[in-house]
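Visitor:
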Amino acid sequence: MSLSLADSRRLVVKIGSAMVVDAARAEPRAAWLEAIAADIAALRARGVEVIVVSSGAIALARRTLGLTRKRLRLEEKQAAAAVGQIRLAEAWAKALSAHGLTAAQLLLTLEDTEERRRYLNARATLATLLGLGAVPVINENDSVATAEIRFGDNDRLAARVAEMVRADQLVLLSDIDGLYTADPRRDPGALHIPEVALLTPEIEAMGGEPPPGYSSGGMRTKLAAARIATAAGCAMAIAAGHKPHPLAALESGGRCTWFLPAPEGRSARKQWILGTLEPQGTLSVDAGAARALARGGSLLPAGVRALAGTFARGDAVEVLGPDGRKLARGLAAYGSEDMARIVGHQSGEIAAILGWRGRDEVIHRDDLVLL
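In the working numbering, each number is its position in the sequence shown, counted from 1, plus 836.
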C-alpha cells in the first residue's frame, strides 16, 4: 500500500514548539510560519480540508514571565499558556491571512475528546469551521487542564483530533524524518523505516526519550499517536519539519515514515456505539426513513414518528422500524425534550421550533450502526 499526501482529503497536521518558536529569542518563527501557511493554502486550493494542531504557547511566554528554567510546575505552565496562547494565535492568524485563509482557535482538553457530549460539540464545531473554509488551529487547553485531564503532548492530541474528524491522514512534523531502528543521534548504524504496516512490540520498542529543549514529545509519544490514528482508519506520517515548506516536500515524495491505517479502523467507533453504550430511549421511524437508513443515510426528523425514554444529546438510542423491529442504534443529536418538539418536521423548521439551529439530522450516519 503506497501512501502519499496527494491522496488526502482531510488532513491534520501537528507542529511542535521547536518549529513554531525561535527558542533563542522566544519569538514566533515568522518566515517558517509563512512558508507552511503557503503549503496549507496550496492544499486548500485543491480541496483538502486542513486542521493544524500547534504547540508553542508556553514557549512563547516563558521569557515574558521570567520562567526560564527547563521544568515548570503545572500552575506555571498554565500561567504561561494563558499569555502565550494569545501570541500563538496571532502568529497563525497573520501567517494564514497572508494567503487569504481565516484562522480559528480551539483549545481542547482530554475530557473534550472522551466525554460524549463535549466530543460531539467539538466535532460539530470543527466540521462547521471546515465547511466555512476556515483553518482550525488547535492546542491543548493548558490554562485549565489539571494533571489528571491533560494529554501532556500534542502528538496524542492530534491523533484524537484526527479520530474525531475522521481524517484521512495525520502528519506529525518533527525534528526527525521518520522512525529509525534506533536513535540516529546516538547510533550511526540506525536504519530508516519508510513504512509500518503494523505496530508490533518491536516497533514500539524503538521509541526513544524526548529530545532536549522545550519539546515534550519524542518518538515514544509519536508511536502512541500512531496507535490511536491507525486504529481509527487514519494513515499517519512522521516527517521532518524544520525546513521551509515541509508539507510541499512531503507531497513531492520527501522522506518520512508512513503508518498504514488498520483495515477495520473505520468501524471501530461504530463497534463502540453498538457494544458499549446502553440505549437510553427509542425512535420509531416510518418506512421511508427505514429505507434511507438501509441505504446508508442519516435519520432526519421528518422520518421519526414517535420517541420514548429520557435521553440527552450524545446518548445512545435505538431506532425501530414501522413494525417495531430494531433497525439501528446511534447517538442522538438532540435531547429527548427537544427531539419531541421537532420529530415529524422538516429540518428547515428546526430553528423556528427550537429558537436555535442544531444539526439537520437527529442521528448522523457517522453516529449510526445498523443492526
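Virtual Cβ for every residue (Gly too), placed ideally from N, Cα, C.
For my contact list, Pro1158 and Ala1126 are in at a C-beta cut-off of 8 Å; report their separation, rounded to the angstrom.
Guide: Pro1158 to Ala1126, Cβ: 7 Å. Contact.
Visitor: What's the gap between the Cα of Lys906 and the Cα of Ile876?
Guide: Taking the straight line joining both Cα atoms gives about 32 Å.
Visitor: Let me check understanding here. Comparing Cα to Cα, which of Leu1136, Arg1193 and Leu1163 lies closest to Ile1199?
Guide: Nearest C-alpha to Ile1199: Leu1136.
Visitor: Which residues does DSSP pair with Thr1118 in a beta bridge?
Guide: According to DSSP, Thr1118 bridges with Ala1144 and Glu1154.
Visitor: Touching or not, the segment 865-885 and the segment 1075-1094, by the rule of three or more beta carbon pairs under 8 Å?
Guide: Short answer: they touch.
Visitor: Since Thr1071 contacts Pro1097 with CB under 8 Å, what's their CB separation in whole angstroms?
Guide: Residue identity differs from the one stated: residue 1071 is Ala in this sequence, not Thr. 5 Å between Cβ atoms; contact.
Visitor: Grouping DSSP H, G and I as helix and E and B as strand, with all else coil, what is Pro1047?
Guide: Bear in mind that a pLDDT of 48 at Pro1047, under 50, signals an unreliable position, so the number given afterwards is only what the model happens to contain. Pro1047: coil per DSSP, three-state reduction.
Visitor: Less than 8 Å separating the beta-carbons of Val997 and Arg846?
Guide: No, the pair does not count as a contact, with Cβ atoms beyond the cut-off.
Visitor: Report buried or exposed for Ile1189, applying the criterion of at least 16 other Cβ atoms within 10 angstroms of its Cβ.
Guide: With fewer than 16 other Cβ atoms within 10 Å, it is exposed.
Visitor: Which whole-angstrom value describes the C-beta separation of Ala916 and Leu903, a residue pair presumed to lie in contact below a C-beta threshold of 8 Å?
Guide: Between Leu903 and Ala916 the Cβ distance is about 6 Å, and since that is below 8 Å, they are a contact.
Visitor: List the whole-angstrom C-beta distance separating Gly1145 from Ala1128, where the pair is believed to meet the contact cut-off of C-beta under 8 Å.
Guide: So it is not a contact: roughly 22 Å between Cβ atoms.
Visitor: Is Ala1130 helix, strand or coil when you go by DSSP?
Guide: The answer is helix: DSSP assigns Ala1130 an H, G or I state.
Visitor: Apart from the five residues on each side of it in sequence, which residues of its chain come closer than 7 Å, Cβ to Cβ, to Arg954?
Guide: Excluding residues within five positions, the ones whose Cβ falls inside 7 Å are Glu947 and Asp948.
Visitor: Just verifying my parser: in three-state terms, what is the DSSP assignment at Gln1182?
Guide: Reduced to three states, the DSSP call for Gln1182 is coil.
Visitor: Count the other CB atoms within 10 Å of the CB of Ser844; is the residue buried (16 or more) or exposed (fewer)?
Guide: By the neighbour-count rule (16 or more Cβ atoms within 10 Å), Ser844 is buried.
Visitor: Taking 8 Å as the threshold, find out whether the segment 847-858 comes into contact with the segment 883-893 through three or more Cβ pairs.
Guide: Flag = yes, the segment 847-858 and the segment 883-893 touch.
Visitor: Using DSSP bridges, identify the partner residues of Tyr955.
Guide: Beta-bridge pairing links Tyr955 to no other residue.
Visitor: Applying the criterion that 16 or more other CB atoms from any shown protein chain within 10 Å of the CB defines a buried residue, is Leu932 buried or exposed?
Guide: Buried, since its Cβ has 16 or more Cβ neighbours within 10 Å.
Visitor: Looking at the strands, I want to know which residues DSSP matches up with Asn975.
Guide: The partner list for Asn975 (beta bridge, DSSP) reads Leu943.
Visitor: Which same chain residues, not among the five before or five after Ala970, have their C-beta less than 8 Å away from its C-beta?
Guide: The residues are Leu937, Thr938, Ala939 and Ala940.
Visitor: Quick check on the burial criterion: 16 or more other C-beta atoms within 10 angstroms. Buried or exposed for Val921?
Guide: Strictly speaking, residue 921 in this sequence is Gln, with Val absent from that position. Buried is the call here.
Visitor: Just the Cα atoms here: how many angstroms apart are Asp1251 and Ser891?
Guide: Residue coverage of the chain in this structure runs from 837 to 1207, which leaves residue 1251 outside it and unanswerable.
Visitor: Would you mind stating whether Ala1076 and Ser1010 have Cβ atoms separated by less than 8 Å?
Guide: Taking 8 Å as the Cβ cut-off, Ala1076 and Ser1010 qualify as a contacting pair.
Visitor: With DSSP as the reference, identify every bridge partner of Thr900, one or two as the case may be.
Guide: In the DSSP output, where bridge partners are listed per residue, Thr900 has none listed.
Visitor: Pick from Phe1095, Gly1054, Asp1202 and Pro1082: whose alpha carbon is nearest that of Ala1067?
Guide: Closest option to Ala1067, Cα to Cα, is Phe1095.
Visitor: How long is the line joining the alpha carbons of Val1153 and Ile851, rounded to whole angstroms?
Guide: If I take the Cα positions, the gap works out to 38 Å.
Visitor: Give the DSSP-derived three-state secondary structure of Arg1165 in the structure shown.
Guide: Strand, per DSSP.
Visitor: In the DSSP assignment, the alpha helix (DSSP H) including Ala917 goes from what residue to what residue?
Guide: Taken as a continuous stretch (DSSP letters only), the alpha helix (DSSP H) holding Ala917 covers Leu910 to Ser933.
Visitor: Considering only C-alpha positions, which residue in the set Tyr1170, Leu1206 and Ala1176 is nearest to Gly1194?
Guide: Ranking the options by Cα distance to Gly1194, first place goes to Tyr1170.
Visitor: For a cutoff of 8 Å on Cβ pairs, would you count Ile872 as touching chain B?
Guide: Of the chains in the structure shown, none is chain B; there is only one protein chain.
Visitor: Classify Arg1201 as helix, strand or coil using the three-state DSSP reduction.
Guide: Of the three classes helix, strand and coil, the one that applies to Arg1201 here is helix, per DSSP.
Visitor: For Gln914, which residues from the same chain have a beta carbon less than 7 Å from its beta carbon, with the 5 sequence-adjacent residues on both sides left out?
Guide: Closer than 7 Å at the Cβ level, and outside the excluded window around Gln914, lie Asp978 and Ser979.
Visitor: Which residue marks the beginning of the alpha helix (DSSP H) containing Lys850, and which one marks its end?
Guide: Counting along the chain, Lys850 falls outside any alpha helix (DSSP H), though it belongs to the beta strand (DSSP E) covering Arg846 to Ile851.
Visitor: Could you spell out where the alpha helix (DSSP H) holding Ala1071 opens and where it closes?
Guide: No alpha helix (DSSP H) holds Ala1071; the beta strand (DSSP E) holding it covers Ala1071 to Ala1076.
Visitor: Let me make sure I understand the geometry here. Which of Glu951, Leu1083, Ser1172 and Cys1092 has the alpha-carbon closest to that of Gln1116?
Guide: Nearest C-alpha to Gln1116: Ser1172.
Visitor: To the nearest angstrom, how far is it from the Cα of Val1032 to the Cα of Met1055?
Guide: If you take the alpha carbons of Val1032 and Met1055, they lie about 14 Å apart.
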